[in-house]
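Be aware that the first sequence starts at 1, since it is given in our numbering, and climbs by one per residue.
Read the structure below first, then the notes.
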Amino acid sequence: MTLEETLIPLVKQAVHSLYGVEANDQQIQLQKTRAEFEGNITLVVFPFVKLARKAPQQVAAEIGEWLQSNAGQLVAKYNAVQGFLNLSIADRFWISQLEAVDAEAEYGKQPDRKKLMMVEYSSPNTNKPLHLGHVRNNLLGYSIAKIQEANGWQVVKTNIVNDRGIHICKSMLAWLKYGNGETPASSGKKGDHLIGDYYVRFDKEYKKQIAELMNAGKDEETAKREAPLMLEAQEMLRKWEAGDKEVRDLWTKMNEWVYAGFDETYRRMGVSFDKIYYESNTYLEGKAEVEKGLAAGQFYRREDGSVWADLTKDGLDEKLLLRSDGTSVYMTQDIGTAKLRYRDYPIDKMVYVVGNEQEYHFKVLSILLDRLGFPFGKELVHFSYGMVELPNGKMKSREGTVVDADDLMDKMVEDAKEISKDKVNTLQGITEEEANEIARKVGMGALKYFILKVDPRKNMLFNPEESIDFNGNTGPFIQYTYARIQSVLRKAESLEKSALSCQLEEKELTLIQRLTDYPAVVRQAGDDFSPAVVCNYAYALACDFNSFYHDLSILNEPDASKKALRLLLAKNVAKVLYSAMALLGIEMPERM
RNA sequence: GGUCCGGUAGCUCAGCUGGAUAGAGCAACAGCCUUCUAAGCUGUGGGUCUCGGGUUCGAAUCCCGACCGGAUCACCA
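Set out below in C-alpha cells:
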C-alpha cells in the first residue's frame, strides 16, 4: 500500500470524528512537503476550513493531533503552518516500502490490460535519408511503445513506408540520367544517402530547366509544369502504376538500397518494428475501401469523376479521396493501411506518431475510419509532436539545412569518446572495444535524453553550433549515477545479510520516498503520452542519489545494519534508473 | 480570415488536473578529490511567469480579451 492509500482513509476518519462530516476523495489533497519545512507529506486543509468553522492553522493542528494519537505507528510527528499540515512518517513505514520495492522484479509495471495497442511511427519516404526531425519521431515512437507496454498494453510497433509516388520517381530518373550506374557498393555510400543525393540532383536540374523556360518567355507556373524532367518523372510514375517491368525493377533495386541504409540507421538508434507496411501494398486497398464507401452512399462522386467525403456535419470541409483520374491521395492510402492492419491484428487502440502539422489530416481520418466501421477509428490517437527547429528556422531538405541523423549520431559518439579520454577511471582495465561500447551508449544516451526530455507537444530548438551537453540534466548524468552504483555493488560482493537499520537519515528517507513515486510516474507518462515525464523523474532520482552518495558512505559505514540498508537502497535506485531509462530506449553502461 | 498549439532567468527547458517564498541545467563567479567513479557535490548572482481583466481563502496554473510566434485550412505527402 502506498502512503497515499494508507493515509486517505485515516484523514477521512479524522475529519469525520472531529467535524462530523464525510470528506470526499477530491477534498483530500496530499502533496510532497516542500524542502524548507519538516515532514514528508503535507495535507492541504483549506477544503475543511469551512466545514470546521475554524482558522486554517487550527484545523491543521487538530487533524495532526488526531492522526498522531490514532495512527502513531504511521504519523510520527506533525507541524501545522497556516493551512498546511506537514506529516513526518515513521521510518519503519519507509523501510517496509523499500523492502516492497526490492521484492518486485518489474517494479513500476502496471497490470496486464489484455488489450492491444498499435503504435505507428517513423514512416519514412524512400527518397532521402533520415534527419533530426525523423530522429525525434523515432525516439518518441519507440519510447511511447515501451511506456504503454509498462502500462499493461500489448503493443505492436509498426511502420508505414512511403515507398511510391512522384518523389521516388524523381530520384530514379536522376539516377538513370546522371548516375552512370553508381551503386552503394561502387561509391561506398549508404544506400539512403546515395538516393538522397539523386533526389537533390533532380531538384537542381529541374530548377535549371525552369529557369531556361522562363528565360524563353514562359511564366513560372507553365515552366514548372512543362519542364522536361517533370514530364519524364510523371511518365515514369504512370509506367510504375501500369506495372512496367523496367521501371518496377529499377524501383525495387533502388528501394532495396534505401532499406539497407534505413536498417542501419534504425539499428543504431535502437528502434525496431514488429510489422512493416508498404504504401505500394496498401494504396489499392484504400481505393477499394473508398469504392465500397461510395457504393454504400457514405461518399459521393463529382461530375469530373473525383470522389469526396462530406464532413460539413462534423464541422469540417469536404475532403477529396480519389482524384478525377482515379488515383489515390494520402488519405486513401491511410484508409487502406488501416484496413490491412485491422485484418492482421485485433486492434483496440491505434496510435499515430506524426508531427503536429498533420493534425487536420488525422481529425479527418478519425471520422472516415469511424464511418467505414473501424472500431478504433473514433478514438484513434494522433500523438502529435512539435517540430525540431534550427536557430534560423525550420529544417528544409532542399536548402541543405537538415541535420542528418547518421552524422549526428557519429558526432555524439565521437564527443562521448573524447570526453571519456579525460576520465582516468574509464580506461583502467578496459579494452578498447569496451571503451567504444561505453562511448556509444553514452553518446546515444545524451542524444536521446536531449530530445525526449522536452515536452513532445512543444517545438524544440537544436543548435548545431553548440554540442549537446554531457553534464547536468542529461542522459550521461543518469548513466553516470547508475555506473557509480554498479561500482559500489561490485565492490560490496557478498551482500551482507544483516538486518536493516530501523532508523533513517534524511537523505535516505528522501530517496525511498522518491522510489515509491515510480509507479505513478509510469502511469502518468502513459496517460499523457509523455516520455518527458519519465526523464524528469529519472533526473530527480539521480539528483537525490548523488546527494546521498556524497554525504553518506555505503561501503565504509561501520554499522552493519546501516550498511545493509544503504546497499539495498543503492541497488533499488539502480534498478529503477535502469527501468526508467529503458522506457526511453536509453542503454546503461555498467561503468563509465 | 477560421481552427489548433505555444509565450516562465542571458540561453535550453521543468512546473500547468489551482496551494506555502516560481525550479533545474547551461553560461558566469566561489569552494570541495589522501575517503565507495569530480560526467559528481556545495554555494553566489540572475524573474513584470508576454500584457490586461475575471473566478476565490489562494492563480505561472482555470476563464475572457489583447499582443507576439508557430502550425493548418491542396486533385501535396
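Note that beta-carbon positions come from the ideal geometry of N, C-alpha and C, so glycine has one too.
Take residue i and list the residues in its own chain whose beta-carbon comes closer than 7 angstroms to its own, dropping the five residues that flank it on each side.
| i | result |
| --- | --- |
| residue 374 | 338 and 342 |
| residue 555 | 488, 491 and 492 |
| residue 214 | 220 and 223 |
| residue 245 | none |
What is the DSSP secondary structure of residue i, counted as helix, strand or coil?
| i | result |
| --- | --- |
| residue 317 | coil |
| residue 389 | strand |
| residue 141 | helix |
| residue 251 | helix |
| residue 510 | helix |
| residue 164 | coil |
| residue 115 | coil |
| residue 301 | strand |
| residue 102 | helix |
| residue 89 | strand |
| residue 153 | coil |
| residue 183 | coil |
| residue 27 | helix |
| residue 95 | helix |
| residue 460 | strand |
| residue 329 | coil |
| residue 438 | helix |
| residue 307 | strand |
| residue 121 | coil |
| residue 44 | strand |
| residue 33 | coil |
| residue 468 | coil |
| residue 381 | strand |
| residue 84 | strand |
State the CB to CB distance for the pair residue i and residue j, rounded to an integer number of angstroms; the pair is presumed to be in contact (CB under 8 angstroms).
| i | j | result |
| --- | --- | --- |
| residue 163 | residue 306 | That belief does not hold up - the Cβ atoms of residue 163 and residue 306 are roughly 25 angstroms apart, past 8 angstroms. |
| residue 322 | residue 290 | 6 angstroms |
| residue 247 | residue 240 | 5 angstroms |
| residue 38 | residue 79 | 6 angstroms |
| residue 569 | residue 98 | 6 angstroms |
| residue 300 | residue 328 | Rounded, the Cβ-Cβ distance is 17 angstroms, inconsistent with contact. |
| residue 45 | residue 83 | 5 angstroms |
| residue 275 | residue 344 | 7 angstroms |
| residue 540 | residue 514 | 6 angstroms |
| residue 594 | residue 261 | Residue 594 falls outside the range modelled here, since the chain spans only 1 to 592, and no answer is possible. |
Suppose the cutoff is 8 angstroms on Cβ atoms and the five residues either side in sequence are ignored; what does the same chain contact list for residue i look like?
| i | result |
| --- | --- |
| residue 187 | 194 |
| residue 312 | 318 |
| residue 224 | 210 and 230 |
| residue 479 | 441, 442, 445, 581, 586, 588, 589 and 592 |
| residue 16 | 22 and 23 |
| residue 12 | 22, 23 and 28 |
| residue 559 | 501 |
Taking residue i as the reference, which of the options has the closest Cα?
| i | options | result |
| --- | --- | --- |
| residue 177 | 206, 6 and 571 | 206 |
| residue 534 | 89, 255, 576 and 349 | 576 |
| residue 126 | 442, 165 and 156 | 165 |
| residue 113 | 569, 150 and 562 | 150 |
| residue 270 | 359, 58, 138 and 2 | 138 |
| residue 116 | 158, 45 and 335 | 158 |
| residue 564 | 64, 397, 502 and 434 | 502 |
| residue 384 | 435, 261, 519 and 528 | 528 |
| residue 255 | 161, 304, 517 and 118 | 161 |
| residue 449 | 459, 476 and 457 | 476 |
| residue 169 | 60, 201 and 106 | 201 |
| residue 394 | 458, 133 and 537 | 133 |
| residue 293 | 278, 468 and 309 | 309 |
| residue 420 | 184, 438 and 403 | 438 |
Whose C-beta lies closer than 6 angstroms to the C-beta of residue i among residues of the same chain, with five residues either side of it excluded?
| i | result |
| --- | --- |
| residue 231 | none |
| residue 531 | 143, 452 and 584 |
| residue 298 | 371 |
| residue 525 | 147, 533 and 534 |
| residue 472 | none |
| residue 76 | 88 and 90 |
| residue 31 | 42 |
| residue 175 | 198 |
| residue 110 | 151 and 152 |
| residue 334 | 365 |
Is the number of C-beta pairs between the region 544–559 and the region 502–513 that are closer than 8 angstroms three or more?
yes
Segment contact flag, the region 459–466 with the region 478–487, C-beta cutoff 8 angstroms, min 3 pairs:
The region 459–466 and the region 478–487 do not touch, with fewer than 3 CB-CB distances between them shorter than 8 angstroms.
Count the CB pairs spanning the region 409–418 and the region 438–450 that are closer than 8 angstroms, and state whether there are at least three.
yes
With three or more beta-carbon pairs closer than 8 angstroms as the criterion, would you say the region 350–370 touches the region 379–387?
yes
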